[in-house]
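Undergrad: Numbering (this note's numbering), first residue to last: 153 to 409. Glycine included, C-beta positions come from ideal geometry on N, C-alpha and C.
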Amino acid sequence: IKKLVNSVIYGEGPDLVILHGLFGMSDNWRTHAKYYSQFFKVHAIDQRNHGNSFHSCHNNYEIMSNDLKNYFEYHKIKKSIILGHSMGGKTSMYFSCMYPKLVNSLIVVDIAPKKYNISHKYTNVFKGLNYLNSIKISSRKDAFKILFKYLDEKNMVNFLLKNLYRNDRNQLKLRCNVDTLSKKIEELGLYNENGIYLGKSIFIAGEKSDYIKKNDHNIIKMKFPESSIIYMSGLGHWPHSEAPKQFRDVVNKFLQL
Numbered sequence: 153i154k155k156l157v158n159s160v161i162y163g164e165g166p167d168l169v170i171l172h173g174l175f176g177m178s179d180n181w182r183t184h185a186k187y188y189s190q191f192f193k194v195h196a197i198d199q200r201n202h203g204n205s206f207h208s209c210h211n212n213y214e215i216m217s218n219d220l221k222n223y224f225e226y227h228k229i230k231k232s233i234i235l236g237h238s239m240g241g242k243t244s245m246y247f248s249c250m251y252p253k254l255v256n257s258l259i260v261v262d263i264a265p266k267k268y269n270i271s272h273k274y275t276n277v278f279k280g281l282n283y284l285n286s287i288k289i290s291s292r293k294d295a296f297k298i299l300f301k302y303l304d305e306k307n308m309v310n311f312l313l314k315n316l317y318r319n320d321r322n323q324l325k326l327r328c329n330v331d332t333l334s335k336k337i338e339e340l341g342l343y344n345e346n347g348i349y350l351g352k353s354i355f356i357a358g359e360k361s362d363y364i365k366k367n368d369h370n371i372i373k374m375k376f377p378e379s380s381i382i383y384m385s386g387l388g389h390w391p392h393s394e395a396p397k398q399f400r401d402v403v404n405k406f407l408q409l
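1) How would you write the range of the beta strand (DSSP E) that residue 256 sits in, first residue to last?
2) By DSSP, does residue 341 sit in helix, in strand, or in coil?
3) As a quick exercise: from 312, 185, 334 and 232, pick the residue whose alpha carbon is nearest that of residue 253.
4) I want to know whether the stretch 169-180 touches the stretch 235-250 - three or more CB-CB distances under 8 Å.
5) Whose C-beta lies closer than 7 Å to the C-beta of residue 380 among residues of the same chain, with five residues either side of it excluded?
6) Quick check on DSSP: helix, strand or coil for residue 387?
7) For residue 177, collect the residues of the same chain with a Cβ closer than 6 Å to its Cβ; drop the 5 residues on either side in sequence, then sort them by chain order.
8) Name, in chain order, the residues that DSSP records as bridge partners for residue 196.
9) For residue 268 and residue 192, what's the separation of their Cα atoms in angstroms?
10) Check residue 333 in the structure and name its three-state DSSP category.
11) From residue 260 to residue 292, what does the alpha carbon distance come to, in whole angstroms?
12) So for residue 357, helix, strand or coil by DSSP?
13) Write down the C-beta distance between residue 316 and residue 324 rounded to the nearest angstrom, noting that I regard them as a contact closer than 8 Å.
14) Quick one: Cα of residue 221 to Cα of residue 206, how far?
15) Can you look up residue 220 in the DSSP assignment and give me helix, strand or coil?
16) Find out if the Cβ-Cβ distance for the pair residue 434, residue 345 is shorter than 8 Å.
17) Would residue 366 pass as a contact of residue 387 if the rule is Cβ separation under 8 Å?
18) Considering only their Cβ atoms, is the gap separating residue 257 from residue 351 smaller than 8 Å?
19) So the candidates are 264, 318, 300 and 331; which of them puts its Cα closest to the Cα of residue 311?
Structure, rendered in structure tokens:
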């Protein structure tokens, strides 16, 4: 049996699929999903090992693209616009190259089709999350204090703690599969799909982020020849949450809404 990733669906109309980044979930995109539901049937997806989706010991872009293919088949989606951020951006690029006929157009947020050495970047994140997983968490406040010791970055800690939920025994636990994600982090840094997507695409980068550098433009244009690359001034890796209105303006212009 093919396992199906979880999603939250908003609105009616042509399909728009949204894919979150590492440690994220569909809920991170709720505000945007609700906004776009006036034009589209929006599918905010939890990728495997995230949110309310199933846990698995496998995690790479080919597998996540196949998860998406299964989702399209199950929901009878013939063609969709795909919007993906960071890890979700890589899944959406990979999927577009593997199944171009299923993709109407592509919106990639702050990631390029290349290898990133990200494991060192997340060493402390995994240390902190693994520690949280190993203890009884009594409150969100306590979890914040613990994780802040590892990261010392308030926004990142708050973002990660969106993963906290109460299980059926009323204990606070993390939704994301920390174990698999820490083991597969190298794979999540890779991008090894050799295809080309000829449809219309846009890459939206945060000017202060280092994820899409000027020398990445060539590889983007090579794999996505019909793409435009836009930098949002003063913003970092999360332009959609740092400046939601300006972010939507960019997307709306691309979608001609």
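TA: Based on what the coordinates show:
1) 255-261
2) helix
3) 232
4) yes
5) 354
6) coil
7) 198, 202 and 203
8) 160 and 170
9) 33 Å
10) helix
11) 32 Å
12) strand
13) 5 Å
14) 16 Å
15) helix
16) Given that the chain is displayed from residue 153 to residue 409, the structure contains no residue 434 and the question cannot be resolved.
17) no
18) yes
19) 300
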